[in-house]
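> Line by line, the protein sequences are chains A and B. Using our numbering, the letters of the first sequence correspond one by one to residues 12 to 645. Using our numbering, the letters of the second sequence correspond one by one to residues 132 to 515.
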Amino acid sequence: MSKLRVAAVSFLNARPITHGLERGLGEDRIELSFDLPARCADRLERGEIDLGLVPTASYAAMAGELRIVPGIAIAGFGPVRTVLLVGEVPWTEMREIALDGASRSSAMMLRLLTRERGLAPRFREVPHDDVLAAARGTTGALVIGDAGFAAADRYPHVVDLGQAWCETTGLPFVNAVWAGRPGAVGPAEVALLQQSLAQGLAARGAIARAFAEAQGGDPAVYEAYLTRNIRYTLGAEELSGLSALFDRARAAGLITRAVRPRLYESPKPAAPARSTAPRSVDALLADAAGGGRLAPDDALRLYADAPTLELGAAADQRRRALHPDDVVTYIIDRNVNYTNVCVTRCKFCNFYRPPTNKTDGYVLTREQLAQKFQETVDLGGVQILLQGGLNPKLPIGWYEDLFRWMKANFPLAIHGLSPEEVRYIAELEGMSLREVIERLIAAGLDSIPGGGAEILDDEIRYKISPLKCSTDTWLDVMREAHGLGLRTTATMVFGFGEEPRHIVSHFERLRALQDETAGFTAFICWPFQAEGTRLKLHDDTTAMRYLRIFALARLYLDNFPSLQVSWPTMGPEVGQVGLRFGGNDFGSAMIEENVVSQAGAIFKLGAPDIERYIRAAGFQPRRRNMRYERLAAA
Amino acid sequence: MTTPSFAAIRDKVRAAEPLTLEDGVALFHHPNLLEVGALANEVRERLHGDRTYFNRNLHINATNVCEASCMFCSFARLEPGKPGAYTMSHDEAWGKLRARVAADDPITEIHIVNGLHPGLPFDYYTELLAGLKRIQPSIHLKAFTAVEIFYFAKKFGMPIADVIAKLRAAGLDSLPGGGAEIFAPRVRRKICDDKCTADEWLEVHRVAHRMGLRSNCTMLYGTIETVEERVDHLLRLRALQDETGGFQTFIALAFHPDNNSLMKLPAPTGVEDLRTYAVARLMLHNIPHIKAYWIMLGIKTAQTALWFGADDLDGTVQEEKIYHMAGAETPQAMSPAEIVRIIRQAGRTPVERDTLYNVVAEGAALGPDKPYRRDVRRSLEVVS
């Protein structure tokens, strides 16, 4: 077997990534060389290497042909210190900016950031070593890499682009990723690369000292840079940041096609080691609040024994660590249920009509849809949550036509078709899940809502909705969607008489998939709304149980960036209190919702109300889109 | 003036030292809601453990005709004969109790609060009470806010003590805590200028306590008062309690904005409700009970408040009018079984009490302790 030809960057910030490889890790399978970022991309394109640590902009340029190694990136959230715009005048006065030809991502980011601020400087590409010399008068210079350390003190005007990006989008910026052709890298190589990074992260002190010895400078400064400024994970938030970059670049005409981050398959994560000695509730809470991972038994213990406010306080602490700026986001979208005809007959559903029902069954017409979409746009909405029953009369072509027509006529994202609907279309058409999702993406699908998860445990699913997809199928749809670069949410509905172990098993399945794909943006849960349905339950659906389960979810789902409170079911008061039990998102200012409201939930809030509740809980409200990218205030 | 630290306040609470105005204000501003809640919960559990009280009661609002024109009120109709104005005949009011008795509903308390009707004679009130006692001699009559008692004293030219003595002879057992609103004169002038003053309200309760009656106390929050004015209100209640020891329960009442002159103000939100309850529990160390009045808070927030200092949910409440005319969307009554269930589901121990907090029923007498069924097969009774 020939070795995998790999090229990486020799900048300081890449050293942790290559640290293990440089020390002989996997040397029988991997052949490592070094180059400038843009050159890595060129060599990859020419087929001279199999895998390169390439600028994300290069990935975008070759999108469709490349896959990304999961879990690893050079990213930043806040100041990065090595992507700087420097000059003798502020950037608002720069007529020209010299771009470092070595990196394309930073150049793309700079073009987008200047554009968002209404600035229109000329851009001129110069060789890496000539950049600083170009910064004179009204010409600024984009300095990347280790040159940034020295440049920061030499110019009166310095903009840290990592910081500017983060302030603009509320998301991390991803500078470079490992990318290669599909099939070039398997789970075993991915594991090696992840191991190399893990060794490098542990050796950041030594890396900083070695760099200081070779280049001069203060090792403590370099270590702080590697520890605080650069983030090396490619998790859910970084994927959101990456999507935001690609979407903005496309809107600005810098790339011509829609680009999504598509990942190589991950190695299966090892089962967490079981601690033998049971730990106290206090120790578990302190651990989880600090970001430690809970095992299923720990979660059962907390569910049974943790005092409510202590559980909430631990979740609140975790939320603060993940979202330290005290911003709570919300979205303006509209829930459109395109059909109520459904073959599943779930006992808890009050909304569906079987296909045999000739009087009340509907499929919304284009006229009806157009009116709803236009109203949504007029009210500042950015997205349609499009869900419906499993209607045997609607082939995939119906959805494709609908999506293309929507995209051609309305500036709205399509957050549509829960896993159950995707599965049903595949069954109806005799297609694979992957094929269905690919075609829907090509037609305009932006993301998949996490509905229909109920409890991801077949013991419960079979009782309440025997005709619905199994836990594995639900997760398969999400896995395929994430693999194709879509982001999705995940939900849970409790109150079906399930035991705590079913709830924890639901959390566990979601967390394991998220470890694999990082494709989930947020988790949302709510109690079953029984009124008027055929399911007569006497389960606990009170506020207290909701808050306990919600807080536990924040602690257990350590790899989910966002937790959304469910005010439509719990009411705005409890929804608001949920922001102090781990929540960082207030969901949607909903214009329409049919399913839950037919079963008794009647709460309605507009954007001003939502902002008032968020502020009264001590947070700053910000609007977002589905990727949790923050939008400018309307 | 420096702001006291949360740690310093916590030390004081644990040493059972009274908190100051500055402490109370700091608690309202403390960024960590759950820390304030947990501290209030410590006090609540020190006093009551997990015990959570409720009673079986009936509300009678005999008239909504009222001389006062409080801006936050959606209930009052200023003149008799105006659309929506009503005054019950004795038979109508008594009929409500007769109906409960006929339904075998073992209520223990009637809560009576009315508008300040300019045309009713004093014996309307005494006869109202006497008639109820004739129907059920054991029923506890918690009737007439201090505002009404003070109005009677002025209107019928009697000292407060005489008004109370006469009502007591007719059947009055205790006073409800309403009408306190916010004591600060600035706020009172603006929102309830023609109501009795803070001193007058407190004097009625002082006199009642001296005559051996127990009473409750309240605070209306969420109109135009400042945080300082809320704490000042609590401190005045605490001072009277130091003097007389007659208050049983404090109830914080959230302003509801529908159908009144303050409609432009938003109602306080859940987080503000919980914080107000928690701060009240911490400031009012000498008042035994804090009641989360579910009619006003909503069942969900009231249940949550049981972890933020509250130890009482009020009662089954039938025929509540005052909050429902201000837009409350809660049901008008909860069954004892429902109250027991939500208390148990909050992880607390329900205790049915009478008005004076004597235990009526607890433990197994309130039904088997099965918060919810854990057996999937049995819980899914599907009606096809």
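From the three backbone atoms N, C-alpha and C, an ideal C-beta is built for every residue, glycine too.
Please return the same chain residues whose Cβ sits closer than 8 Å to the Cβ of residue 437/B, not counting the five positions on each side in sequence.
Within the same chain, residue 437/B has close Cβ partners 183, 423, 444, 474, 477 and 479.
> Here's the rule I'm using: 16 or more other beta-carbon atoms within 10 Å means buried, otherwise exposed. How should residue 271/B be labelled?
buried
> Going by Cα to Cα distance, which pick from 202/B, 203/B, 217/B and 179/B is closest to residue 196/B?
217/B
> Compute the distance between the beta-carbons of residue 640/A and residue 255/A, then report whether it is under 7 Å.
yes
> Since residue 500/A and residue 531/A should fall inside the 8 Å C-beta cutoff, what is the C-beta to C-beta distance between them, to a whole number of angstroms?
7 Å
> According to DSSP, is residue 348/A helix, strand or coil?
Note: residue 348/A maps to strand in three-state DSSP.
> Listed from N- to C-terminal order along the chain, which residues in the segment 310-323 of chain A have their beta-carbon within a distance smaller than 9 Å of any beta-carbon of chain B?
318, 319, 320, 321 and 323
> Output the distance between the C-alpha atoms of residue 200/B and residue 380/B, rounded to the nearest integer angstrom.
Taken atom to atom, the span from the alpha-carbon of residue 200/B to that of residue 380/B is near 27 Å.
> Rounded C-beta distance between residue 435/B and residue 585/A? I'm assuming under 8 Å.
7 Å
> Are any of the Cβ atoms in chain A nearer than 7 Å to that of residue 137/B?
Residue 137/B does not count as touching chain A.
> Output, in chain order, the set of chain A residues within a Cβ distance shorter than 7 Å of residue 438/B.
319 and 320
> Within 7 Å of any Cβ in chain A, is that where the Cβ of residue 199/B sits?
At a cut-off of 7 Å, the C-beta of residue 199/B has no neighbouring C-beta in chain A.
> Using a Cβ-Cβ distance under 7 Å, would residue 395/B count as near chain A?
Residue 395/B does not count as touching chain A.
> I'd like to know whether the C-beta of residue 553/A is nearer than 7 Å to at least one C-beta of chain B.
yes
> Give the residues of chain B in contact with residue 327/A, contact being defined as C-beta atoms less than 7 Å apart.
165
> Hey, residue 331/B and residue 281/B: beta-carbon distance below 7 Å or not?
In this structure, the beta-carbon distance from residue 331/B to residue 281/B falls below 7 Å.
> What is the DSSP secondary structure of residue 152/A, reduced to helix, strand or coil?
strand
> Please state if the CB of residue 127/A and the CB of residue 183/A are separated by a distance shorter than 7 Å.
no
> Of all the options 190/B, 235/B and 315/B, which has the alpha carbon lying nearest to the alpha carbon of residue 275/B?
190/B
> Within 10 angstroms of its Cβ, does residue 131/A collect 16 or more other Cβ (buried), or is it exposed?
exposed
> In chain B, what lies closer than 9 Å to residue 627/A by C-beta?
397, 399, 400, 401, 402 and 403
> Please classify residue 420/A: does DSSP put it in a helix, a strand, or coil?
helix
> Can you list, in chain order, the residues of its chain with a C-beta nearer than 7 Å to that of residue 382/B? Leave out the 5 residues immediately preceding and following it.
308, 347, 349, 422 and 424
> Candidates 491/B, 305/B, 500/B and 250/B: which alpha carbon is nearest residue 287/B's?
Checking every option, the nearest Cα to that of residue 287/B belongs to 250/B.
> Would you check if the distance between the CB atom of residue 64/A and the CB atom of residue 20/A is smaller than 7 Å?
yes
> For residue 220/A, which residues in the same chain have their Cβ closer than 6 Å to its Cβ, ignoring the five residues on either side in sequence?
Within the same chain, residue 220/A has close Cβ partners 230.
> Inspect the beta-carbon positions of residue 62/A and residue 40/A and report whether they are closer than 7 Å.
no
> Do you know how far the Cα of residue 206/A is from the Cα of residue 83/A?
10 Å
> Expressed to the nearest angstrom, what Euclidean distance is found between the alpha-carbon atoms of residue 505/A and residue 412/A?
36 Å
> Return helix, strand or coil for residue 355/B, following the three-state DSSP convention.
coil
> Leaving out the 5 sequence neighbours to the left and right, which residues in its chain are closer than 6 Å to residue 13/A when beta-carbon positions are compared?
none
> Can you tell me the Cα-Cα spacing of residue 293/A and residue 404/B, whole angstroms?
28 Å
> For a quick check, are the C-beta atoms of residue 456/A and residue 425/A less than 7 Å apart?
yes
> List, in chain order, every chain A residue whose beta-carbon is nearer than 8 Å to that of residue 435/B.
554, 555, 558, 585 and 588
> Give me the Cα-Cα distance between residue 298/B and residue 257/B, rounded to the nearest whole angstrom.
6 Å
> Exposed or buried, what is residue 519/B when buried is set at 16 or more other beta-carbons lying within 10 Å of its beta-carbon?
Outside the shown range of chain B, which is 132 to 515, sits residue 519/B, and nothing can be said about it.
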